[in-house]
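Structure, as structure tokens:
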Amino acid sequence: MNTVQISTHIENLKRALQQQALWESTPPSSQALSSDQPFAYDTLEPHQWLQWVFIVRIEALILAGQPLPTGFELSPYFEEVWKDDESKAKVLAAVSAIDKAFSSC
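Counting with this note's numbering, you get residues 3 to 107 for the letters of the sequence shown.
What follows is the structure, given as structure tokens:
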């Protein structure tokens, strides 16, 4: 798997979140982060999950030289939760690009 390509997509996602003022400087509580629900939908907003769970975990795997996950898609969830919010288009595009990058590996 091309970790340079994945890292580039992660940086693009960070930038999209920042441009939409969805990037947070304070993490959610440890209780909120410990949700066992998919995308922690019961304790986190979708953008929080991207920032504090997905991005953190992928970057940690890359830094540790560990294998990256395969066989997943993020887009269906985010397209559904943000279907009525056109302001999230750049974030959705970044998520879609990540899906494509992981599916081509």
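Don't be surprised by glycine CBs; every beta carbon is placed ideally from N, CA and C.
Out of PHE80, ALA18, ALA99, TRP54, the CA that lies nearest to the CA of GLN33 is found in TRP54. Annotation: GLU82 to SER31 spans about 25 Å, alpha carbon to alpha carbon.
For the options ASP44, SER37, TRP84, LEU15, the alpha carbon positioned closest to that of ALA96 is the one of LEU15. Measuring C-alpha to C-alpha distances from ILE57 to each of PRO78, ARG17, TYR43, GLN22 identifies ARG17 as the nearest.
In the three-state DSSP reduction, THR45 falls in the coil class, being neither helix nor strand.
Closest by C-alpha distance to ARG59, out of ASP38, PRO71, PRO48, is PRO71. Membership of ASN14 in the alpha helix (DSSP H) is indicated by the continuous run 5-21.
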